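Please read the structure below before turning to the comments.
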Amino acid sequence: MVSTIEQNSQFVKGNKGFTLIEVLIALVIFSLGILGVAALQSGSINGNTSARGVTDIALIATDRLEMLRSLPYDDPALATGVYALDPVTDRIDNNYNGMIDETMPANETGPLTIQYTVTTDWPIERTKTVTVTVTHDGAAVQKAVTMQQIIPLIL
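All letters in the sequence shown, in the order written, are residues 56 to 210 by the numbering used here.
As structure tokens, this is what we get:
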């Protein structure tokens, strides 16, 4: 009968294990996988940041459009024309510093601009078509959101 110690020593002699080259190759493959995941994460963060910026300007455009919709049909702000809003009085935080329409005009310049166009009797009579465009002029890319609403004359 073979003792337990002899069985264990025979088992160890028969097991060669991994060589140093095999371990190094496995580490290289694992490292490449981790680098790929890191690159995906970086791209995901950039995409989320970009999407947040577009969501912010879409929210501003929606807010401005709702404000214009709430005005009476014959309000001077809904007269036919193109309007570019002054950053000092547009009621948004143009420079992302947490303050809306600062008292010092030079302090309220920033990358956000709001423009809206009013067209009367188009596409049908007794309506006004309001098109609001909010633009963000970033360092690398310009983003714009345009929304349109038809306001009817309610008799």
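We treat Cβ as the ideally placed atom computed from N, Cα and C, and that holds for glycine.
Owing to the predicted nature of the structure, the values given are computational and were not obtained by experimental measurement.
Just the C-alpha distance for ARG124 and ARG181, rounded to the nearest angstrom, thanks. For ARG124 and ARG181, the distance between alpha carbons rounds to 15 Å.
Endpoints, the alpha helix (DSSP H) within which THR117 is located: For THR117, the enclosing alpha helix (DSSP H) begins and ends at 75-124.
Between which two residues does the beta strand (DSSP E) holding ALA132 run? Annotation: ALA132 is outside any beta strand (DSSP E) and is labelled neither H nor E by DSSP.
ALA194 (DSSP reduced to helix, strand or coil): Residue state, collapsed to three classes: coil.
Span of the beta strand (DSSP E) around ILE179: That residue, ILE179, is in no beta strand (DSSP E); it is neither H nor E in DSSP.
Does the Cβ of ILE169 have 16 or more other Cβ atoms within 10 Å, making it buried, or fewer, making it exposed? With 16 or more neighbouring CB atoms inside 10 Å of its own CB, ILE169 falls in the buried class.
Measuring only the C-alpha atoms, how far is SER97 from ILE89? So the alpha carbons of these two residues sit roughly 12 Å apart.
Between which two residues does the beta strand (DSSP E) carrying GLY136 extend? For GLY136, the enclosing beta strand (DSSP E) begins and ends at 136-139.
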